[in-house]
């Protein structure tokens with residue numbers, strides 16, 4: 019499963035929308051995700067990939083494309099460490 023597929027699966031489960039429109043330009047607002055949903059998504063991804071997501075690094079993440087790219091970058095950093 020790709021990172022994008024995993025993110026989509028986790029996000030759709032947490033926001034309880036199995037048929038969500040998930041594109042690179044989809045935002046958390048589009049998904050009607052509140053702050054608790056976002057925290058749960060971050061925790062689920064940290065657990066899934068055994069990495070630490072730093073809130074300050076998410077400042078420039080505005081959509082799912084940015085979010086998936088961020089997770090892929092964190093995975094690559096972990097693997098190269």
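Numbering (the numbering used here), first residue to last: 19 to 99.
Here a beta-carbon is modelled for each residue, glycine too, at the ideal position from N, C-alpha and C.
Checklist entry - Helix, strand or coil: which one does DSSP assign to residue 85? => result If DSSP states are grouped into helix, strand and coil, residue 85 belongs with the helices.
Next on the checklist: Quick test of your reading: residue 45 and residue 83, contact by CB under 8 Å. State the CB separation rounded to the nearest angstrom.
Outcome noted: Wrong, their Cβ atoms sit about 10 Å apart, outside the cutoff.
Item to check | Exposed unless 16 or more other CB atoms sit within 10 angstroms - verdict on residue 92 | outcome: buried
Checklist entry - Under the three-state reduction of DSSP, which class applies to residue 94: helix, strand or coil? => result helix
Next on the checklist: Going by DSSP in three states, residue 25 sits in which element: helix, strand or coil?
Outcome noted: helix
Checklist entry - From this set, 67, 95, 50, which residue's C-alpha is nearest residue 32's C-alpha? => result 50
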